[in-house]
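Residue numbers (the working numbering): 903 to 1000.
Heads up, the beta-carbon is just placed ideally off N, CA and C, and yes, glycines get one too.
Being a predicted model, the structure only gives us computed values, none of them experimental.
See below:
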């Protein structure tokens, strides 16, 4: 670092020359093995989510299909019940008083 750069750094309120600042920046970074481990953990987490969410989605789809099937059955039962009720009502209306 030349004298002009040091003067500019001092004027900017920097207490360290640029040569020392670059080493300070390196000191603030975690060691490469820590960064590698973080990447490994992120990858493991992504794989776990993929593995666990897919079965949940498949199960959710299965539950929805079962629900639709049950609703169709109940609707059919309701239609049959309504038809039976209408038939009985019509028979009562058509019956001759005694």
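Rounded to whole angstroms, what's the CA-CA distance from residue i to residue j? Just pull it up for me.
i, j, result
"residue 1005", "residue 960", "The question about residue 1005 has no answer, for the chain in this structure spans 903 to 1000."
"residue 986", "residue 976", "15 angstroms"
"residue 948", "residue 971", "34 angstroms"
"residue 993", "residue 969", "36 angstroms"
"residue 930", "residue 958", "42 angstroms"
Given 7 angstroms as the limit, tell me if residue i has its C-beta closer than that to any heavy atom belonging to the ligand SAM.
i, result
"residue 949", "Ligands are entirely absent from the displayed structure, and the ligand SAM is therefore not among its contents."
Is residue i helix, strand or coil when you go by DSSP?
i, result
"residue 948", "helix"
"residue 997", "coil"
"residue 933", "coil"
Give every residue of the same chain whose Cβ lies closer than 7 angstroms to the Cβ of residue i, excluding the five residues on either side of it in the sequence, and list them in chain order.
i, result
"residue 945", "none"
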